[in-house]
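The opening residue of the sequence shown carries number 6 in the numbering used here; numbering runs sequentially from there.
The beta carbon of each residue, even a glycine, is placed where N, CA and C say it ideally should be.
None of these values were measured; they are calculated from a predicted model.
Worksheet for the structure shown next.
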Amino acid sequence: MSTQQETIPSFIFTIFGATGDLAKRKLFPALYSLYREKQLRCNFAVIGVGRKNIDSFEFRTWVKNSIAEFSRLSLCAGEEWEQFAARFSYISFDVKDTAKYAALRSLVEAKEQENKLSGNRMFYLAIAPQLFGTVATNLKESGLTNTKGWKRLIIEKPFGHDYTSAEALNEEIKRSFAEEEIYRIDHYLGKEMVQNIQVIRFANSMFEPLWNNRHIDNIQITASETVGVEDRASYYDRAGALRDMVQNHMLQMVMMVCMEPPSRLKTEAIRDEKVKVMRALRRFSEEEVDRHIVRGQYIAGTIGGKSFLGYREEPDVNPASTTETFVAAKLYIDNFRWADVPIYIRTGKRMPEKLTEIVIQFKELPKRLYFNKNNDLMPNLLIFRIQPNEGITLLLNAKKQGTDSQIIPIGMEYCNDCEAASPEAYESLLHDAILGDSTFFTRWDEVALAWKFIDPIRCAWDKDPCSLAEYEVGTWGPVEAHELLQKDGKRWWTGSDHRERKTIRAVERPKYQREEE
6 MSTQQETIPS FIFTIFGATG DLAKRKLFPA LYSLYREKQL RCNFAVIGVG
56 RKNIDSFEFR TWVKNSIAEF SRLSLCAGEE WEQFAARFSY ISFDVKDTAK
106 YAALRSLVEA KEQENKLSGN RMFYLAIAPQ LFGTVATNLK ESGLTNTKGW
156 KRLIIEKPFG HDYTSAEALN EEIKRSFAEE EIYRIDHYLG KEMVQNIQVI
206 RFANSMFEPL WNNRHIDNIQ ITASETVGVE DRASYYDRAG ALRDMVQNHM
256 LQMVMMVCME PPSRLKTEAI RDEKVKVMRA LRRFSEEEVD RHIVRGQYIA
306 GTIGGKSFLG YREEPDVNPA STTETFVAAK LYIDNFRWAD VPIYIRTGKR
356 MPEKLTEIVI QFKELPKRLY FNKNNDLMPN LLIFRIQPNE GITLLLNAKK
406 QGTDSQIIPI GMEYCNDCEA ASPEAYESLL HDAILGDSTF FTRWDEVALA
456 WKFIDPIRCA WDKDPCSLAE YEVGTWGPVE AHELLQKDGK RWWTGSDHRE
506 RKTIRAVERP KYQREEE
C-alpha cells in the first residue's frame, strides 16, 4: 500500500449491509486501521445502509464496538476517535425498495457538500449475492452513479454459482458499471504473502531460470481449516468446498505461482498473464474427473483432544447431504513452461491445522551421488507460508556438523510478521480500491474461465453422489487424497510445526515432513 497521503482522493463510501457480519468483522476494522496509519487522512465520509432500524448515533456505537472487538489496532479515545466516528452516517431501508434510493442520494449529496468532497463514490455490496444486480440497477436509476467524480462498485464472492449464472449477473451489473469500475474481491489476493509471490519470483534472478518444468518436480497448495461450517451452514451446504474455495481462492494462488512475467508492472499487464494461466489450465471432461479430483466429507472425530460432530450432524445441515467439505486435485497447466508438472491442490474443513501454504518442490538429484548412499536426501523446497505464520522457507541439504557425510536439511527462513502484525487483507484491498488500483481484484474473464473449469466437475459429482469419500475430523482428508499423489510416486508436504525462526540454522528433522497414509 502507498503511504503517500496526497495521492488518496476524497470520496464517499456507501456500504450496503452495514450492520452485517462482514462489515463488523472486516470493513470497519480495515477502515479504522487505514485511518490510524494515516492512509485516510483526507476528506471522506462513510454511509451505512441496512435494514436494522437505528440512527447514525447508534450506528457509530455499532462501528466502535466492532473495532474494539476485531481491529488489529487498539481503539483510541478522545478527539481522534471523535473525528473518525463523525464521518459515519446511517440510513435504514430495504435495498429492493426503489423509492428509498432517492433518500440515499440526498444523503450522499449532503455529505459531499458538507465535507467538500469531489464527487468520487464507492459502493460496497456486503449483502447476499442475489441482490448484487438489483442494487447496481437501482444505483443507476436513482442517479447515484451520475457524478462528476469516479464511481466504483466492490462486490464479494460468490459471483454466481456456475458460469451461466455468473454471466447473467455480470451482464446485469455492467448495465450500471463498466468493467473497470467493478472490483470483485477475493480476499486471498489481499494477503501479504500472496502478493509477495510476484516479488520473490520477478525481483530475484536466481529463481526465474529454475521456475519451469526442467527444474520443478511439482507444486502443492494447501488451504486447510480446523473449523467446521459454523454459522454458514445454509450457504455452505449449497456451495461446498469446490465453489467456496477452489473456484476462487485456490485457482487464484495457482495463477499467481504459474503466471509469466508481465511485460510491465501495470494492472492490466499483470491480469493478462493471470488469464493466460487459466486458458492453459487443462479442463477435465466429466469422465476424467474421478481420475484427477477427490472430494470428501468429514465425519466425527477429534482435534487436540476435543470431539467434533460430523458434517451431517452439524446444525442446519441436511442429514443426507452429499456436499463436499474437502477437495484435492491434480491440475496441469498445458503451456511451454509447465507442461507435465503436476500441481496438487487441497482444501478442507476440520483438518489438523489451520494452514495456507504453497510448496514448490524442485527435482531430486541422481541417487548415485557418493553422499546419498541411503537415498534419503530431501528435495529442495521453497515454501510460501500464507497463514498463520507468514513467511518464506527455503530447505537445502548440508553436511551435519562433526560428521563426514551425514546430510541434514537446513531451513533458510524469513518471517514476514515476526516484528509486527501484517495489515489485514481488507486493509490492502480497500486502500487499492480507493486509489483505483485493481491489480489484486479479479477481472471478469478470470471469473468466467474459473467457472468453465469448475462446471464439468460439479456436473460429474451431481451425477455420481457415491464418489464422496469420508475423512475423520482431525485428519488430512480421505485416503483417496493421499493415493492421488502415491500413484505418481509422491507424497503431500505439510508443516508439522510452526516455530518462529529468525535466523538460518540446521534442524535435526525437516520442518516439512512427508505425510504418512
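Distance check between V262 and each of T327, I338 and G301 places I338 closest, using alpha-carbon atoms only. According to the DSSP assignment, R189 belongs to the beta strand (DSSP E) that extends over I187 to R189. With contacts defined by Cβ atoms closer than 8 Å, M250 and A228 form a contacting pair. The way I'd put it, the stretch 103-118 does touch the stretch 140-152; three or more beta-carbon pairs between them come closer than 8 Å. E278 is a Cβ neighbour of M264, given a cutoff of 8 Å.
For the pair P357 and L45, the Cα-to-Cα distance works out to about 40 Å. Spanning the alpha carbons of N253 and K196 requires a straight line of approximately 14 Å.
Secondary structure of A228 (DSSP, three-state): strand. The distance from the Cβ of Y168 to that of K457 is about 6 Å, consistent with a contact at the 8 Å cut-off.
Sequence-distant Cβ neighbours of R317 in its own chain, meaning closer than 6 Å and more than five residues away, are P324 and S326.
Distance from the Cα of R157 is smallest, within the candidate group A133, G124 and I202, for G124.
Note: A334 is bridge-paired with I298 and I350 in the DSSP secondary-structure output.
Fully enclosed beta strand (DSSP E) runs of no fewer than 3 residues occupy 93-97 of the stretch 72-127, in order along the chain.
Put simply, the backbone Cα of V294 is about 14 Å away from that of G301. In this structure, I388 is the residue among I388, A438 and E432 with its C-alpha nearest to the C-alpha of E418. Closest in alpha carbon position to A131, among G55, I187, A82 and Y476, is G55. The DSSP-derived three-state label of K196 is coil. Counting C-beta pairs closer than 8 Å gives three or more between the stretch 428-446 and the stretch 31-38, which meets the contact rule.
Taking C-alpha positions only, W498 is separated from I221 by approximately 15 Å. In the DSSP assignment, the residues bridged to N223 are Q366. For E319, same chain residues with a beta-carbon under 8 Å away, outside a window of 5 residues either side, are G233, V234 and A238 in chain order. Nearest C-alpha to I96 among A82, T330, F62 and N218: F62. Assigned with DSSP and collapsed to three states, C464 falls in helix. For I20, the three-state secondary structure derived from DSSP is strand. Here T447 is buried. Its C-beta has 16 or more other C-beta atoms within 10 Å. Taking 8 Å as the cut-off, the beta carbon of V484 is found no closer than this to the beta carbon of A171. For the 8 Å CB-CB criterion, N218 and P347 do not form a contact. In the DSSP annotation of this structure, the continuous segment of the alpha helix (DSSP H) that includes L434 starts and ends at A430 to L440. For K279, the enclosing alpha helix (DSSP H) covers residues T272 to A285. Only residues of its own chain outside the window of five on either side were considered, and among them M261, V262 and F389 have a CB closer than 7 Å to the CB of I202, listed in chain order. Across the set I363, K359, P384 and T361, the C-alpha of P384 shows the shortest separation from the C-alpha of L370. For the 8 Å CB-CB criterion, E329 and A465 do not form a contact. Annotation for T307: the continuous beta strand (DSSP E) segment containing it runs G306 to I308.
Residue D450 holds the alpha-carbon nearest to the alpha-carbon of V280 among D450, I72, A73 and E488. Sixteen is the threshold: since fewer than 16 other Cβ atoms of the shown chains lie within 10 Å of the Cβ of E84, the residue is exposed. Scanning the stretch 235-277 from its first residue to its last, the whole alpha helix (DSSP H) runs of 4-plus residues come out as 238-246 and 256-263.
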